[in-house]
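Participant: This is the structure, below, for whatever I ask next.
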Amino acid sequence: MVQAEKQRDRIGAKYGMWLFLFTEILFFGGMFLLYSVYRSKYPVEFHASAAEENLLLGSINTAVLLTSSLFIAVAISAVKKGNYRLSVILQGATILMGIVFLGIKAVEWFEKIARGIYPNSPVLDKMSMGEILFFGLYYVMTGIHGLHVLIGVCVIAFMVYFTLTGNITRENFSKIENTGLYWHFVDIVWIYLFPLFYLIT
Amino acid sequence: MESTASECESFYHEKGKYKGILSWLMSTDHKRIGIQYLVALLTFFSVGVMLGLLIRLSLIAPGTFIGQETYNRVFSVHGIIMIFLFIIPGVPVAFGNFFLPIMIGARDVAFPRLNRFTWWTYLAGATLVALSLFAAGGAPDTGWTFYAPYSIRAKANITLAVTGVFVLGFSSILTGINFVTTIHRLRAPGMTWFKLPLFVWTLYATGWVQLLATPVLAITLVFIILGRVFGVGFFDPSKGGDPILYEHLFWTYSHPAVYIMVLPAMGIISEVIPVFARKKIFGYKAVALSAIGIASVGYFVWGHHMFTSGMSDTARIIFSFITFLVAVPSGIKIFNWVSTLYKGSIVGSAPIYFALTFIFLFSIGGLTGLIIGSLEPNLQLHGTYFIVAHFHYVMFGGAGFAILTALHYWFPKMFGRMYPERPAKIGWFILFIGFNVLYFSMFILGYEGMPRRYFDYPARYFPLHLVSTIGSWILAAGLAIIAGNLLRALFKGPKAPADPWGGRTLEWTIPSPPPAENFVETPVIRD
Amino acid sequence: MALNATEGGDHIGSYRTYFFIWAALMLLLVATIVVAKVEVSKYSVLLNLFIATVKAGLVLFFFMHLKYENWFLKGVLFMVLVMLASVIGLTFSDVWYR
Amino acid sequence: MILGPSNVAGKIETSFLIITAACVVLLVAVTITMLVFIYKYNRRRNPVPEDIEENLPLEVAWTVLPTLLVLGMFYFGWVDFDYIRNPPKDAMPIDVIARQWSWTFKYQDGRQTDTLRVPVGRPVKLVMTSEDVIHSLFIPAYRIKEDCVPGLKTHLWFNADQTGTFDIFCTEYCGLEHSHMRAKLIAMPATDFAAWYKTKEEAEGTNKGLELLRTKGCLGCHTTDGTRKVGPTFKGLYGSNVTVVTNGKERTTAANEDYIERSVRNPGADVVKGYPNIMPKIPVTDEELKEILEYLETLK
Ligand code: HEA
Ligand code: HEA
Ligand code: CUA
Ligand SMILES: [Cu+2]
Chain A
252 MVQAEKQRDR IGAKYGMWLF LFTEILFFGG MFLLYSVYRS KYPVEFHASA
302 AEENLLLGSI NTAVLLTSSL FIAVAISAVK KGNYRLSVIL QGATILMGIV
352 FLGIKAVEWF EKIARGIYPN SPVLDKMSMG EILFFGLYYV MTGIHGLHVL
402 IGVCVIAFMV YFTLTGNITR ENFSKIENTG LYWHFVDIVW IYLFPLFYLI
452 T
Chain B
265 MESTASECES FYHEKGKYKG ILSWLMSTDH KRIGIQYLVA LLTFFSVGVM
315 LGLLIRLSLI APGTFIGQET YNRVFSVHGI IMIFLFIIPG VPVAFGNFFL
365 PIMIGARDVA FPRLNRFTWW TYLAGATLVA LSLFAAGGAP DTGWTFYAPY
415 SIRAKANITL AVTGVFVLGF SSILTGINFV TTIHRLRAPG MTWFKLPLFV
465 WTLYATGWVQ LLATPVLAIT LVFIILGRVF GVGFFDPSKG GDPILYEHLF
515 WTYSHPAVYI MVLPAMGIIS EVIPVFARKK IFGYKAVALS AIGIASVGYF
565 VWGHHMFTSG MSDTARIIFS FITFLVAVPS GIKIFNWVST LYKGSIVGSA
615 PIYFALTFIF LFSIGGLTGL IIGSLEPNLQ LHGTYFIVAH FHYVMFGGAG
665 FAILTALHYW FPKMFGRMYP ERPAKIGWFI LFIGFNVLYF SMFILGYEGM
715 PRRYFDYPAR YFPLHLVSTI GSWILAAGLA IIAGNLLRAL FKGPKAPADP
765 WGGRTLEWTI PSPPPAENFV ETPVIRD
Chain C
24 MALNATEGGD HIGSYRTYFF IWAALMLLLV ATIVVAKVEV SKYSVLLNLF
74 IATVKAGLVL FFFMHLKYEN WFLKGVLFMV LVMLASVIGL TFSDVWYR
Chain D
1053 MILGPSNVAG KIETSFLIIT AACVVLLVAV TITMLVFIYK YNRRRNPVPE
1103 DIEENLPLEV AWTVLPTLLV LGMFYFGWVD FDYIRNPPKD AMPIDVIARQ
1153 WSWTFKYQDG RQTDTLRVPV GRPVKLVMTS EDVIHSLFIP AYRIKEDCVP
1203 GLKTHLWFNA DQTGTFDIFC TEYCGLEHSH MRAKLIAMPA TDFAAWYKTK
1253 EEAEGTNKGL ELLRTKGCLG CHTTDGTRKV GPTFKGLYGS NVTVVTNGKE
1303 RTTAANEDYI ERSVRNPGAD VVKGYPNIMP KIPVTDEELK EILEYLETLK
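Residue numbers (the numbering used here), protein chains in the order written: chain A, 252 to 452; chain B, 265 to 791; chain C, 24 to 121; chain D, 1053 to 1352.
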């Protein structure tokens, strides 16, 4: 294997990104482990609590995130084809979708908080143990996922800047390609969170 | 230095973008980063050693030197520093950084700037841990395992310490990613997988463990932080949580972590033994693949730390069974090392003294690991000094002695100077005696039922505690001689040739210390 | 080396494929909601997770180009998932039999 | 088969010795081989090394043989494990409650003690739990231990074969006084035990109040002899003047019945100066409190 040029080992960069995603899988894996154990311990309570989630908002959010994945995928292809204008527009659209997602998430959170349901709240602590755990997991898992979305949005904002300044080109697209991988991964996590919190009723 | 010296200056003199101290702190050169890691590690290590000696001192007369509360904080901090600041990052970040690229014939790691960044994250994490010692509230007093629900209720600065460990974990993950990518992408032409030096193989296996295990620790620590700050009760029984689940998550990381400590250490031994036996390693492929074997089986044995935790009997039997399987690849390594000596022509230099001692001490540590990995004896020995003895034998007798081996073996290459042999061997001898006096008595203590993390104990355990403490002073004397010897050589030692030992790996083909970009021409490996 | 045989990055995904994948994802989204609401059977939980896995697979293989990557990445990804599954499985050997 | 002071002790000892012996043999074999090689193939005696790269049969041998060996060791660790873990149906149950930093043992008839008394020759099953953090009950002489986990019931069982007094240690780190969280196990002849079990009054500690302090775990943190533990001593407390911190302000108050009642019912309200605010709220009924107060009065 030839020693590639130091700065431009695109395949190396991609490997690095995939490796990072593997660590993310296990990071979220820890949470899914907790979820599955507590779900198996308190099936009835989890069942009931999931029914309280706002299915409409959850579904919209899933659609939003899936669409954003389409945008970023096309944006990357556009870079590779040299169509930078289209790429910038679609990256912008991805950011927008990300923000919409976070907005809707915030609405859901605040609606719950307004009802007094949040970790350690007097209302929640009076509920059954299964419910305490369900909502605890809900906040932690969607919260950490939301944090990932937020980071993604920021990173894509940088990519827009790089595309505009010519730092990302059809020859040198590692950065945006890796950003895309990250964004899709965040999408995949949500693909699982959605049924676990909204559908399993 | 030898002939090539004139064309390429050593990396110590490299003229970079920055001047003075910044030329170190901002450098992305893997060798400079490696040296900086080494300095940081040894600094924390000496703090850890002091605390260890303090533990021993306190144990011969509980209450005379330090109080109960202080004792609890001291052993916790001793554990946290030794594990998270010293021995887990240890070999990879110091020696791995310095030698991995050279050994595979590369100019640097795959992501040099990321490498720089990990050093800073390491320092940030270490700083947070250090802060937790001094901030109001007091140093953590949970033990290095942070068991819930105690760690969620205790009043000390646990949040701070845990955040620090989280950051350190992040640094460890990034190092893993960097190394794995480097080994995949930057091997010199002709450097096929089965021509890789064995040290590189172990770093590769370690890299994967860092990558796949550390995130589990990260999320576990996040749960602890959330529990303390927001009252999320995942491990709090009054909120339905299950404290045993914390133990599962913690050990899912922390058992593989013991292989992060020992695998690269084994790599060092695999390098040193053939060089000083002046022949090739016996069963190269078996040694290389057993590293992968240890890494992958080691992922599934974490439950052996929980045999008396209230875990189901079914799980205990499964975990004990898998635990025994880990011994097989470790055994393969030991057997191949010993066979390498066969028909060799052994040169008795300091590095091989340490390396062979590693084999002996690690075997004791590992074999006692099997005793406590058995279902019945564990009922007796868990939570006693037997465990303390086991892990000091593997961590310090194993990984620690490998670091000493590496320090002596690579000292000429890293610093361009030779050290005198005699004091090194005298130091080795005292260290060896002190080590066994210190820790072997702990096996007996543990067998007799002395619990660990005990500030105070029934009088019948006193004699052995005293023996152990005396051992700790002998040990410290040995270490002082070794450290003094190396420190003196650093400034006064004669210049080292490119290849003082007759080593066969690539680092010995370049001058000591290596030039900035390692190789003038990318080496091509042939048979 | 075999590692270099094909590399996903060289592949330029066509807009059309992406669009179809997106459409499929949307359909699966509708499907999963229907499955959950209609409560086809007591296995709807499993069915939902299965649908999620299909969705994740589509994203992985097409959006993330895994289809065009070499065996190494696919193999390692598989290994990671098996590892995670085993960790969960081993934990359940405690949780279920306690 | 080795015998011990209880049925399980000998079994565990046997398994320990078998496995340890195997390990020692291995260690000695490896070490001696190593030493012989170092001696024979040292540079002076064998100046010319000879490269031997591989030997497949050997490699296979030391993969397969150790595998069989460790399976054997695993087996010896396992043989009696199921016996040790599964108490017989007729075992006498005793509830164990662990808390920071004391033990309470509850017998079937509701009787509570801080010393575990068991009859020789009869299986005993300990059903254990904790009120706060994780503890672990360890009887070194019997070579068994098991964690006491809050929110969970764990168990141990044994059949005492010899009379005697043995240590009980807490072996899971549980905070400040972990190393003093000890108790005694007294294995007594069955007849003595029956006699003791029948007497409602505690033989040595005839005082009801003292008995309560002991079983409620107060004596885990307080003493009655004037020495300082985690909390202030009870000696001379009643009727004295104490300096306490209330809502961050220091004040001096008389230690009368009201004060002590408040201290027990709501420990965080007045915190004695110089002590940490860690006393837990331990449920105490009014009668019990009265007994305690009566006893404290005698400690003047
Ligand atoms: C470097 C670190 C390191 C390493 C390498 C190991 C290696 C092993 N450890 Fe250890 N261990 C620790 C660090 C380490 N450990 C620490 C820190 C703790 C305590 C944590 C805490 O609670 O604070 C611990 C605790 C610990 C426990 C839990 C005890 C308890 O708390 O109840 C157990 C139980 O099974 C165990 C087992 C093993 C085994 C089977 C190995 C095996 O990998 C060993 C394999 C090696 C050999 C077997 C020896 C060499 C081989 C031969 C000589 C060949 C011939 C032998 C055969 C084929 C049988 N360890
Ligand atoms: C790498 C890990 C490491 C090392 C090196 C040490 C070193 C020492 N340890 Fe240990 N120890 C732990 C990790 C380590 N420890 C852990 C994880 C715990 C558990 C904490 C807990 O319960 O939470 C523990 C707990 C522990 C206890 C039990 C406390 C208790 O349960 O109450 C004791 C008691 O004596 C002890 C003593 C010592 C002593 C005297 C030393 C030393 O001071 C001995 C002196 C050391 C040397 C002389 C140096 C050896 C040289 C090298 C490693 C190479 C470096 C080379 C150079 C600097 C040149 N330690
Ligand atoms: Cu209770 Cu330690
Ligand atoms: Cu382990």
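The beta-carbon is built from N, C-alpha and C at its ideal position, and this holds for glycine as well. All values derive from a computational prediction rather than experimental measurement.
1. Could you tell me whether any non-hydrogen atom of ligand 4 is closer than 8 Å to the CB of B:His646?
2. Could you pull out every residue in the same chain whose Cβ sits closer than 8 Å to the Cβ of A:Ile407, ignoring the five residues on either side in sequence?
3. Any heavy atom of ligand 4 within a distance shorter than 8 Å of the CB on B:Trp408?
4. Select from D:Gln1160, D:Gly1203, D:His1230, D:Leu1117 the residue whose C-alpha is nearest the C-alpha of D:Lys1281.
5. Once the 5 residues before and after B:Arg717 are set aside, which same chain residues still bring their CB inside 7 Å of it?
6. Could you give the DSSP three-state label for C:Trp4: helix, strand or coil?
7. Any contact of the segment 1216-1231 of chain D with the segment 1188-1196 of chain D, i.e. 3+ C-beta pairs under 8 Å?
8. Got a sec: is the Cβ-Cβ distance from B:Leu432 to anything in chain A below 9 Å?
9. Strictly closer than 5 Å from CB to any heavy atom of ligand 6: give me those residues in the order they appear in the chain.
10. Any C-beta of chain C sitting closer than 9 Å to the C-beta of B:Gly454?
11. Short of 9 Å Cβ to Cβ, which residues in the segment 639-653 of chain B face chain D?
12. Can you determine whether any heavy atom of ligand 2 sits closer than 8 Å to the C-beta of B:Arg717, and answer yes or no?
13. Which residue wins for smallest C-alpha separation from B:Leu668, given the options B:Ile746, B:Val473, B:Ser594, B:Thr648?
14. Sorry if obvious, but does the Cβ on B:Val313 come closer than 8 Å to a heavy atom of ligand 2?
15. List the endpoints of the continuous beta strand (DSSP E) containing D:Phe1221.
16. Taking the alpha carbon of D:Val1179 as the point to measure from, which residue in D:Lys1205, D:Val1185, D:Tyr1159, D:Gln1164 has its own alpha carbon closest?
17. Are A:Leu450 and A:Leu272 touching if we call contact CB-CB under 9 Å?
18. Rounded to whole angstroms, what is the Cα-Cα separation between B:Leu553 and B:Ser560?
19. So if DSSP puts D:Lys1177 in a beta bridge, which residue, or which two residues, is it bridged to?
20. Assuming A:Thr393 contacts A:Lys356 (C-beta within less than 8 Å), just tell me the rounded distance between them.
21. Please identify, using Cβ separations under 8 Å, the residues of the segment 1111-1130 of chain D that lie next to chain B, in order along the chain.
22. Could you give the residue range of the beta strand (DSSP E) that holds B:Leu432?
23. What is the DSSP secondary structure of B:Val611, counted as helix, strand or coil?
24. With DSSP as the reference, label B:Asn782 as helix, strand or coil.
25. Whole angstroms are fine: how far does the CA of D:Asp1134 sit from the CA of A:Ser300?
26. Which one or two residues does DSSP pair with D:Phe1364 in a beta bridge?
27. Alpha carbon to alpha carbon, how far is D:Ala1352 from B:Phe329?
28. Quick check on C:Lys122: buried or exposed, where buried means 16 or more other Cβ atoms within 10 Å of its Cβ?
29. Taking C:Val110 as the query, report the chain B residues whose CB atoms sit under 7 Å from its CB, ordered along the chain.
30. Identify whether D:Gly1062 lies in helix, strand or coil by the three-state DSSP scheme.
31. In this structure, how does DSSP classify A:Leu307 when only helix, strand and coil are distinguished?
32. Is there a C-beta anywhere in chain C that falls below 9 Å from the one on A:Trp360?
33. State the beta-bridge partners of B:Ser576 as determined by DSSP.
34. Look at the alpha carbon of A:Ala329 and the alpha carbon of C:Phe85, and state the distance between them as a whole number of angstroms.
35. Does ligand 2 have a heavy atom nearer than 8 Å to the CB of B:Ala420?
36. Spell out whether any CB of chain D is found under 9 Å from the CB atom of B:Asp763.
Facilitator: Quick look at the numbers:
1. no
2. Ile323, Gln342, Thr345, Ile346, Gly349, Thr430, Trp434
3. no
4. D:His1230
5. Phe339, Gly407
6. Outside the shown range of chain C (24 to 121) lies residue 4 of chain C, about which nothing can therefore be said.
7. yes
8. no
9. Questions concerning ligand 6 fall outside what the structure shown contains, since the ligands it does hold are ligand 1, ligand 2, ligand 3 and ligand 4.
10. no
11. Leu639, Glu640, Pro641, Asn642, Leu643, Gln644, Leu645, His646, Gly647, Thr648
12. yes
13. B:Ile746
14. yes
15. 1216-1222
16. D:Lys1205
17. no
18. 11 Å
19. D:Pro1145, D:Trp1209
20. 6 Å
21. Glu1111, Trp1114, Thr1115, Pro1118, Thr1119, Val1122, Leu1123, Met1125, Phe1126, Phe1128, Gly1129, Trp1130
22. That residue, B:Leu432, is in no beta strand (DSSP E); its alpha helix (DSSP H) goes 422-449.
23. coil
24. coil
25. 40 Å
26. An answer regarding residue 1364 of chain D cannot be provided, because it is not within the stretch 1053 to 1352 covered by chain D.
27. Note on identity: in this sequence residue 1352 of chain D is Lys, with Ala being the wrong assignment. If I take the Cα positions, the gap works out to 33 Å.
28. No answer is possible for residue 122 of chain C: it lies beyond the span of chain C, which begins at 24 and ends at 121.
29. Thr516
30. helix
31. helix
32. no
33. Answer is none; B:Ser576 lacks a bridge partner.
34. 16 Å
35. no
36. no
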